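Step one of this worksheet: look at the structure below.
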Amino acid sequence: MRKPLAAAFCALAIAGAGAAPATAAEAAPTGVGKAADTGSATSAVSGVVTSVEQTLSGLRGPQTKAVNFAGTVALSNCSGSVVRMPDSEADDPALVMTNGHCLESGFPGPGQVLVDKASSRTFTLLNASGSRVATLRAAKLAYGTMTDTDVALYQLTTTYAQIKSSYNINALTLNDSHPVAGTAISIPSGYWKRIYSCTIDGFVPTLKEADWTWKDSVRYTSACNTIGGTSGSPVVDQATNKVVAVNNTGNEDGERCTVNNPCEVDANGNVTVRKGINYAQETYGIPACFGIDNKLDLSASGCTLPKP
Numbered sequence: 001m002r003k004p005l006a007a008a009f010c011a012l013a014i015a016g017a018g019a020a021p022a023t024a025a026e027a028a029p030t031g032v033g034k035a036a037d038t039g040s041a042t043s044a045v046s047g048v049v050t051s052v053e054q055t056l057s058g059l060r061g062p063q064t065k066a067v068n069f070a071g072t073v074a075l076s077n078c079s080g081s082v083v084r085m086p087d088s089e090a091d092d093p094a095l096v097m098t099n100g101h102c103l104e105s106g107f108p109g110p111g112q113v114l115v116d117k118a119s120s121r122t123f124t125l126l127n128a129s130g131s132r133v134a135t136l137r138a139a140k141l142a143y144g145t146m147t148d149t150d151v152a153l154y155q156l157t158t159t160y161a162q163i164k165s166s167y168n169i170n171a172l173t174l175n176d177s178h179p180v181a182g183t184a185i186s187i188p189s190g191y192w193k194r195i196y197s198c199t200i201d202g203f204v205p206t207l208k209e210a211d212w213t214w215k216d217s218v219r220y221t222s223a224c225n226t227i228g229g230t231s232g233s234p235v236v237d238q239a240t241n242k243v244v245a246v247n248n249t250g251n252e253d254g255e256r257c258t259v260n261n262p263c264e265v266d267a268n269g270n271v272t273v274r275k276g277i278n279y280a281q282e283t284y285g286i287p288a289c290f291g292i293d294n295k296l297d298l299s300a301s302g303c304t305l306p307k308p
């Protein structure tokens, strides 16, 4: 995982090596995937990360839309975004999506699912150019886990209509259909204010990292060389501007199934290691789990998110 930044530095001090997803730290960014090093982040992504200026100048093909930072957020240790379900209403309490490994309480253990937990966490809301426009606050953690997927959804104290009226920012919509290989995607990181662009290379039946296992993960082509602090960033379909996944980890050192070095396991149990390749967790199944007023209902028809 791209470790939340603070956690990464602790791991380095204790183990003498990098560990965990793509998060960032309180003072600096990281993740269970990658740890973010503020001193080397720029050089690490040289030639790979697309700035918002480049994005808006139309470097993508004519069939795609320019993805920007509007609606993304920066956490203390990760990235995220204000999201809505396809059927969400303007007066529904808004939701912020990030990774389960970005929770302020630390990584959930294997099999652990957190639902309706008190939280007053804050999020820095960004506009299209990546400038801070507001601080949003959570009313609670609606859902969080690192089992089968790596996702957290916070319910805010504000509605979508209030965010739109006050800051002219729309939430990003979660696509409710399975993503497709070959789709052109962009990954806007609110923490780093950088956008990564590539395509979906394929899907992984089982992605294993240390004690955590994720199902049907998205694998990027090598151009999306995401770093620590990008954990929780939305993965946006360039053609629709809808969210198809949440960025969460990558294999940093070529190790097999260790922290910060996830491995792919196929249906027959064969293990493949792809050094330098990064991954995300699909989000198309989330809308079925949220009903009227954006209320979580894990017993709803079609909801397959893990239950407590």
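Residue 1 is where the sequence shown starts when you use this note's numbering, and the numbers rise one by one after that. Note that CB positions come from ideal geometry on N, CA and C, so glycine has one too. Nothing here was measured: the structure is a model prediction, and the numbers come from that model.
{"Item": "Count the other CB atoms within 10 Å of the CB of I163; is the residue buried (16 or more) or exposed (fewer)?", "Value": "buried"}
{"Item": "Count the other CB atoms within 10 Å of the CB of G39; is the residue buried (16 or more) or exposed (fewer)?", "Value": "Note that G39 scores a pLDDT of 36, beneath 50, so its modelled location is shaky and nothing firm can be said."}
{"Item": "Does the region 78–95 come into contact with the region 159–178, if we say contact requires no fewer than three beta-carbon pairs (one atom in each stretch) closer than 8 Å?", "Value": "yes"}
{"Item": "My guess is that I200 and V218 are in contact by the Cβ rule of under 8 Å, so how many angstroms apart are they, rounded?", "Value": "6 Å"}
{"Item": "Under the rule that 16 or more other beta-carbon atoms within 10 Å means buried, what is K275, buried or exposed?", "Value": "exposed"}
{"Item": "Taking T173 as the reference, which of V73, E282, N270, V236 has the closest Cα?", "Value": "V236"}
{"Item": "Count the other C-beta atoms from every protein chain shown that fall within 10 angstroms of the C-beta of T304, then say buried if there are 16 or more, exposed otherwise.", "Value": "exposed"}
{"Item": "With burial defined as no fewer than 16 other Cβ atoms inside 10 Å of the residue's Cβ, what is the status of D150: buried or exposed?", "Value": "buried"}
{"Item": "So, helix, strand or coil for I286, using DSSP?", "Value": "coil"}
{"Item": "Going by alpha carbons, who is nearest to M85 out of N77, M1, M97, L75?", "Value": "M97"}
{"Item": "For the beta strand (DSSP E) holding A300, just list the boundary residues, first then last.", "Value": "Segment: none, A300 is in no beta strand (DSSP E) and carries neither H nor E."}
{"Item": "How many Å lie between T240 and T213 at the Cα?", "Value": "30 Å"}
{"Item": "By alpha-carbon positions, which one of E282, Y143, A139 ends up nearest to T206?", "Value": "E282"}
{"Item": "Excluding the five sequence neighbours on either side, which residues of its own chain have a C-beta within less than 6 Å of the C-beta of A74, listed in chain order?", "Value": "T124, G190, Y191"}
{"Item": "Assuming contact is defined by CB atoms lying nearer than 8 Å, are A139 and G100 in contact in what I supplied?", "Value": "no"}
{"Item": "For L95 and A142, which I take to be in contact (beta-carbon distance under 8 Å), what is that distance rounded to the nearest angstrom?", "Value": "7 Å"}
{"Item": "Is it buried or exposed, S79, if we count other Cβ atoms within 10 angstroms and call 16 or more buried?", "Value": "buried"}
{"Item": "Give every residue of the same chain whose Cβ lies closer than 7 Å to the Cβ of K117, excluding the five residues on either side of it in the sequence, and list them in chain order.", "Value": "K140, L141"}
{"Item": "Beta-carbon within less than 6 Å of T72's beta-carbon, same chain only, minus the 5 sequence neighbours each way: which residues are those?", "Value": "S81, L126, P188, G190"}
{"Item": "Name the DSSP bridge partner or partners of P234?", "Value": "V246"}
{"Item": "If you draw a straight line from the alpha carbon of D266 to that of V115, how long is it in whole angstroms?", "Value": "31 Å"}
{"Item": "Kindly indicate which three-state DSSP category G100 falls into: helix, strand or coil?", "Value": "helix"}
{"Item": "Ordered along the chain, which non-local residues of its own chain (more than five positions away) have a Cβ less than 6 Å from that of N278?", "Value": "Y220, C224, T226, G250"}
{"Item": "Spell out whether any CB of chain B is found under 8 Å from the CB atom of T283.", "Value": "Going by chain labels, chain B is absent from the structure shown, which holds only one protein chain."}
{"Item": "Could you tell me whether the Cβ atoms of G130 and F69 are closer together than 8 Å?", "Value": "yes"}
{"Item": "Whose CA, out of N270, E264, L298, lies closest to the CA of K215?", "Value": "E264"}
{"Item": "I believe C102 touches S299 by the beta-carbon criterion, under 8 Å. Please report the beta-carbon distance rounded to the nearest angstrom.", "Value": "About 26 Å separates the two Cβ atoms, so there is no contact after all."}
{"Item": "Buried or exposed: where does S177 fall if 16 or more other Cβ atoms within 10 Å of its Cβ makes it buried?", "Value": "exposed"}
{"Item": "Distance, Cα to Cα, D87 vs N168?", "Value": "20 Å"}
{"Item": "Closest to N77 by CA distance: which of G111, V67, N248 is it?", "Value": "N248"}
{"Item": "Is S186 near Q112, with beta carbons less than 8 Å apart?", "Value": "no"}
{"Item": "Return the first residue and the last residue of the alpha helix (DSSP H) that S389 is part of.", "Value": "With the chain represented from 1 up to 308, any question about residue 389 goes unanswered, as that position is not in the structure."}
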